[in-house]
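Okay, so here's the structure we're looking at.
Residue numbers (our numbering): 93 to 168.
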């Protein structure tokens, strides 16, 4: 039971990561022709990649820890 919970947490965490990445990048670059969201308010625009990268690294570390717990439980 615990192994299934850990695996579910890993998958939910990765799903949340992809959703947040998609949302941040879509909002930053806009949906219109070339980077509409970026050119309208250029003085207020902030590059989303540093935030996305740090978020992805944090999620990867947490997911790796959960994978370690999951694999440790498999050995028993």
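The beta carbon of each residue, even a glycine, is placed where N, CA and C say it ideally should be. The structure presented is a predicted model; accordingly, all values stated were derived computationally and were not measured.
message: Please report the distance separating the alpha-carbon of residue 101 from that of residue 151.
response: As a working note, residue 101 is residue 9 in the chain shown. As a working note, residue 151 is residue 59 in the chain shown. Straight-line spacing of the CA atoms in residue 101 and residue 151 works out to 11 Å.
- request: Please determine, among 158, 161, 143 and 103, the residue with the shortest C-alpha to C-alpha distance to residue 116.
  value: To locate residue 116, count along the chain shown from 1; it is residue 24. Relative to the Cα of residue 116, the nearest Cα in the group 158, 161, 143 and 103 belongs to 143.
task: Counting only the same chain and skipping the five closest in sequence on each side, list residues whose C-beta sits under 8 Å from that of residue 158.
output: Taking the chain shown and counting its residues from 1, one reaches residue 158 at position 66. Taken in chain order, the residues that qualify are 98, 101, 102 and 105.
task: Identify which residue in 94, 155 and 148 has its Cα closest to the Cα of residue 110.
output: Locating residue 110 in the chain shown gives position 18, counting from the first residue. Nearest of 94, 155 and 148 to residue 110, Cα basis: 148.
Expected contact under 8 Å - CB spacing of residue 95 and residue 166 to nearest Å: Taking the first residue of the chain shown as position 1, residue 95 is located at position 3. Taking the first residue of the chain shown as position 1, residue 166 is located at position 74. About 7 Å separates the Cβ atoms of residue 95 and residue 166, confirming a contact at the 8 Å cut-off.
- request: Return the CA-CA distance between residue 138 and residue 155, expressed in angstroms with no decimal places.
  value: Working through the chain shown from its first residue, we reach residue 138 at position 46. Working through the chain shown from its first residue, we reach residue 155 at position 63. Answer to the nearest angstrom: the Cα atoms are 28 Å apart.
message: Rounded to whole angstroms, what is the Cα-Cα separation between residue 162 and residue 121?
response: Position 70 of the chain shown, counting from 1, holds the residue named residue 162. Position 29 of the chain shown, counting from 1, holds the residue named residue 121. Across the structure, residue 162 and residue 121 are spaced so that their CA atoms are roughly 37 Å apart.
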